[in-house]
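J.: Would you mind keeping the following structure in view while I ask a few things?
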Amino acid sequence: MMNGSGEHLPVLIVRLGTTPPPVKAECGTGDQWIGNGLGLPVHVVDPRKGEPLPAPDAIAGAVLTGSRSMVTDREPWSEYTAGWLRTLVEREVPVLGICFGHHLLAEAFGGGVGFHEGGREVGTVTIRPTLEAAHDPLFGGLPAAFPAQAIHKQQVQRLPSEAVLLATGDFEPTQAYRLGSRAWGVQFHPEFSDRVMGSFIRALEPALQEEGLNTAALQAGLQPSPEAWWLLRRFAGLTVAER
């Protein structure tokens, strides 16, 4: 997407969380992984720091990151971002919400979010696209099942009435959905590689073990997730199409 001067508009990364220091030292930051996956010029804004979110016509699309915060806390920066999201979706600006962003997008349009009764999902998980995904601009062409990296405690417990379920999983039934024609939420992390996921497991090992999770088994079960990563590049392609 270009502005009136013929310049390409940036894709906005809305930073809603911070990469744990041990993971950052070993693998970099979430902003970098998303930017690498998109392969396009990006601009980063952090509303938690009071940074203003841009007007819809100033960006080609937006990716909302994960966070260790919870949507149900309804912090002021989170509520501000939710209101901005509603404007983007109404204007058909491409949006991709990841993990926390997936939850926030659902809440912004009347869905329900809460803690998963089974506890935390973490590690490489299997994503299964629904029949509706076959004709989706973002998910179309994916295999019947593919690996992805996930780490979350909360989930979308009730989709907005107009949402289309695009993917499910054994532990988490709402792994992906679409709102309108150009907004998607994904519970898993397409920007994570198996190396990044392993670094998260090491960094959070005491907390994971306290929750009763077998971190050695989680590490042994890690797999590459190229199909999930491909979604970022596919989303990038959607942002450069004329709206």
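First residue of the sequence shown? That's 1 in UniProt numbering, and the numbers climb one at a time after it. C-beta atoms are modelled at their ideal positions from N, C-alpha and C, and glycine is treated no differently.
1. When the Cα atoms are used, what is the spatial distance from Ala133 to Ala106?
2. Does the separation of the CB atoms of Ala108 and Leu138 fall below 9 Å?
3. Between the alpha carbons of Leu238 and Pro94, how many angstroms are there, rounded?
4. Pro22 by DSSP, collapsed to three states: which one?
5. Here's a check: name, in chain order, each residue in its chain whose Cβ is nearer than 7 Å to the Cβ of Glu75, leaving out the five neighbours to either side.
6. Going by the CB atoms, is the gap between Gly198 and Leu96 shorter than 9 Å?
7. Under the three-state reduction of DSSP, which class applies to Gly123: helix, strand or coil?
8. Mind listing, in chain order, the continuous beta strand (DSSP E) runs of no fewer than 3 residues lying wholly within the stretch 168–219?
9. Could you give the C-beta distance for Pro143 and Gly37, rounded to a whole number, given that I count them as a contact under 8 Å?
10. Which value, in whole angstroms, describes the spacing of the CA atoms of Asn3 and Glu227?
11. Note the first and the last residue of the continuous alpha helix (DSSP H) segment covering Leu138.
12. Out of Glu121, Arg234 and Val240, state which residue places its alpha-carbon closest to the alpha-carbon of residue 320.
T.: Judging by the given coordinates:
1. Their Cα atoms are separated by approximately 18 Å.
2. no
3. Going from the Cα of Leu238 to the Cα of Pro94 covers about 7 Å.
4. helix
5. Ser69
6. no
7. strand
8. 176–179 and 183–186
9. About 19 Å separates the Cβ atoms of Pro143 and Gly37, ruling out a contact at the 8 Å cut-off.
10. The pLDDT assigned to Asn3 is 48, lower than 50, so where the model puts this residue is not dependable; a value taken from the coordinates is nonetheless given after this. Spanning the two alpha carbons is a distance of roughly 31 Å.
11. For Leu138, no alpha helix (DSSP H) encloses it, and the DSSP letter there is neither H nor E.
12. Examination of residue 320 is not possible in this model, given that the chain is present from 1 through 243 alone.
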